[in-house]
Amino acid sequence: MKTELFNATTQKENGARHAGRILREGGLVAFPTETVYGLGANGFDGEAVKKIFEAKGRPSDNPLILHVASKSDARKLWSSVPDKARVLMDTFWPGPLSIVYEKSERIPYEVTAGLDTVAVRMPDHKTALAFLREAQVPVAAPSANPSGRPSPTTAKHVLDDLNGIVDVILDGGPCRVGLESTVLSLAGAPTILRPGAITREMLETVIGPVALAKSILSPLQEGEAVRSPGMKYKHYAPDAQVLVAGGDPKEAAQRIRRAYDLETADGKVCVIFASTQTQTFYGGRRYAIIGDRTAPETFCANLFAKLREYGAKADIIFTEALPEQELGLAYMNRLLRAAGFKTM
Ligand code: TXA
Ligand code: MG
1 MKTELFNATT
11 QKENGARHAG
21 RILREGGLVA
31 FPTETVYGLG
41 ANGFDGEAVK
51 KIFEAKGRPS
61 DNPLILHVAS
71 KSDARKLWSS
81 VPDKARVLMD
91 TFWPGPLSIV
101 YEKSERIPYE
111 VTAGLDTVAV
121 RMPDHKTALA
131 FLREAQVPVA
141 APSANPSGRP
151 SPTTAKHVLD
161 DLNGIVDVIL
171 DGGPCRVGLE
181 STVLSLAGAP
191 TILRPGAITR
201 EMLETVIGPV
211 ALAKSILSPL
221 QEGEAVRSPG
231 MKYKHYAPDA
241 QVLVAGGDPK
251 EAAQRIRRAY
261 DLETADGKVC
271 VIFASTQTQT
281 FYGGRRYAII
291 GDRTAPETFC
301 ANLFAKLREY
311 GAKADIIFTE
321 ALPEQELGLA
331 YMNRLLRAAG
341 FKTM
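Taken in order, the sequence shown gives residues 1 to 344; the numbers are from our numbering.
Rendered as structure tokens:
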């Protein structure tokens, strides 16, 4: 198969319409969102959805998020709409929040991997919304990466991974947020299954107390039940070993310097993900600036792209932790997984 690439700015009308048709006819379309690029299939067509699992090498028990162009399209996908979902949609949609609730009968088994709930979100991205409107069906879409690889935040990342496997790629430039959406379950007490840019603190101002699933910052224990199947698989893992240095940034930098020097003396290729605040601590060593510690969104926007860039070039990537609050929680959830929970 030849993958078609459309520039969403210069080929706007054409790209969205063509991609919508391909999707309705059972094809796979990669499209930009504000979080990461998605790999979409017709969410009403179980056979089309199966192709996503094949393309990604995704375990078949990991359910998908349905993407919609409007709130009214979302309502039809659940068995009913609880008050909390209504107010969350009014407050945060379009935006990086996926809401999990009891599914309607219409949704095929393949989308939810047999669960009786379904995750739905309306992305905050012009190209995504244009494409979703043209598709005229809910679009089932995981991140457009082979399972286990960092999620793609540019069309080039998608092309690197899925050229010849996906029918169409819509190029909408780099993703603004850079980490996947918050997944919030409203089936039972509100619980964050995966943290994202709509933070726990933001959700609580609107619907009151929100719990955090246990697996967010720690590995699952053997035999532990899991509410979000995605949490149990190895994630975002580059070839390099990622190590996370926590605590005060200055002390973290000291530990990183020491370990860096030992490892490079040993012949290992190392790189440090520094911040604008700490770069001067690393003089003479190889580092890449991942962001500004006073603006955690910059860390989030760059993490996956930097893991892709250095994941194959380095043996060891040293990284600084962020405080696990607000956006820092989402960042640490992804970073710790990339590190296989290895801290230093
Ligand atoms: O930002 C995003 O959410 C991106 C873009 C493309 O929209 N999509 C994305 O999809 O990250 P994916 O498949 O990579 O991650 C979906 C996560 C998985 O951890 C999955 O287990 C969980 O959501 N999930 C989906 N449906 C669920 C359900 N019914 N119950 C519990 N967890 C669910
Ligand atoms: Mg994913």
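We put the CB at the ideal spot given by N, CA and C, even for glycine.
For clarity, every value in this text was computed on a predicted model and none was experimentally measured.
For residue i, does the count of other Cβ atoms within 10 angstroms reach 16, so buried, or fall short, so exposed?
| i | result |
| --- | --- |
| arginine 86 | exposed |
| glycine 15 | buried |
| glycine 283 | exposed |
| lysine 250 | exposed |
| glycine 267 | exposed |
| glutamate 180 | buried |
| proline 323 | exposed |
Does DSSP put residue i in a helix, in a strand, or in coil?
| i | result |
| --- | --- |
| serine 143 | strand |
| glutamine 277 | coil |
| phenylalanine 6 | strand |
| phenylalanine 304 | helix |
| arginine 194 | strand |
| glutamine 254 | helix |
| alanine 189 | coil |
| glutamate 105 | coil |
| glycine 291 | strand |
| glycine 40 | strand |
| glutamate 34 | coil |
How would you write the range of the beta strand (DSSP E) that residue i sits in, first residue to last?
| i | result |
| --- | --- |
| glutamate 326 | Here glutamate 326 belongs to no beta strand (DSSP E), and DSSP marks it neither H nor E. |
| arginine 121 | 117 to 121 |
| alanine 74 | Note, alanine 74: premise wrong, no beta strand (DSSP E); alpha helix (DSSP H) at 71 to 75. |
| threonine 343 | Segment: none, threonine 343 is in no beta strand (DSSP E) and carries neither H nor E. |
Assuming residue i is part of the alpha helix (DSSP H), what are its boundary residues?
| i | result |
| --- | --- |
| asparagine 14 | 12 to 24 |
| histidine 345 | This structure cannot settle anything about residue 345, because the visible part of the chain is limited to 1 through 344. |
| aspartate 90 | 83 to 92 |
| leucine 203 | 200 to 207 |
| alanine 55 | 46 to 56 |
| threonine 127 | 126 to 135 |
Roughly how far, in whole angstroms, is the beta-carbon of residue i from the beta-carbon of residue j, given that I think they are within contact range, below 8 Å?
| i | j | result |
| --- | --- | --- |
| leucine 184 | leucine 97 | 6 Å |
| leucine 352 | alanine 211 | Shown here, the chain extends from 1 to 344; a query on residue 352 therefore has no answer. |
| serine 79 | serine 104 | 5 Å |
| arginine 337 | leucine 303 | Wrong, their Cβ atoms sit about 11 Å apart, outside the cutoff. |
| alanine 8 | threonine 127 | 4 Å |
| proline 219 | leucine 307 | The pair is not a contact, with the Cβ atoms about 19 Å apart (cut-off 8 Å). |
| isoleucine 272 | phenylalanine 341 | Actually they are not in contact, since the Cβ atoms of isoleucine 272 and phenylalanine 341 sit about 20 Å apart, beyond 8 Å. |
*Could you tell me whether the stretch 189 to 199 touches the stretch 42 to 52, using the rule of 3 or more Cβ pairs below 8 Å?*
Touching, no, given that fewer than three Cβ pairs across the two stretches are closer than 8 Å.
*Segment contact, 8 Å Cβ cut-off, at least three pairs: the stretch 197 to 213 with the stretch 273 to 283*: Verdict: no, contact absent.
*Inter-stretch contact (C-beta, 8 Å, three-pair minimum) for the stretch 17 to 35 and the stretch 108 to 116*: Judged by pairs of C-beta atoms under 8 Å, the stretch 17 to 35 does not touch the stretch 108 to 116, as fewer than three such pairs exist.
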